[in-house]
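Right, one structure below, let's go through it.
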Amino acid sequence: MFILKDKTQLERAIAKALKLRPRVEFDRFGRYRVSGSKGYYTVICRKDERGYKTVACTCKGAEKGLVCYHAVSALSLHIGLARQQQTATV
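The end of the sequence shown is residue 104 by the working numbering, with every number in the run present.
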């Protein structure tokens, strides 16, 4: 899991994701598989016990606390699905 320290980290990850266009596969809501240079990585999007929205990836960069392109790629799908769920329940 990473902690966002400044928006530059996020901007770089988004730019890399747009350039590489990784494949994002839906596992279940909040859990995604994202292609990377060494195969697929698992990305988990959830709220923690304090109510903070968190994103965790199994890649080496995210393990070091860096914002990775796998996480931002999965997050875009997650946000879209969450919006669909909201409109379906209204």
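Ideal placement from N, C-alpha and C gives every residue a C-beta, glycine not left out.
Query                                                                                                                    : Result
Considering only the beta carbon of each residue, do Gly-91 and Val-57 sit closer than 7 Å?                              : For the sequence presented, residue 91 should be read as Leu rather than Gly. No. Outside cutoff.
Hey, quick one: how far does the beta strand (DSSP E) through Lys-67 stretch, first residue to last?                     : 67-71
Tell me whether Glu-25 sits in a helix, a strand or coil according to DSSP, three-state version.                         : helix
In this structure, what does DSSP give as the bridge partners for Ile-58?                                                : Arg-45 and Ala-70
Does the region 91-100 come close enough to the region 42-59 to have 3 or more Cβ pairs within less than 8 Å?            : yes
Under 6 Å Cβ to Cβ from Gln-23, same chain only, skipping five residues before and after it: list those, please.         : Val-81
Looking at Ala-31 and Val-69, is the spacing between their C-beta atoms short of 7 Å?                                    : no
With DSSP run on the structure shown, which of helix, strand or coil describes Glu-77?                                   : helix
Quick one: what's got a C-beta closer than 6 Å to Tyr-66's C-beta in the same chain, skipping five residues either side? : none
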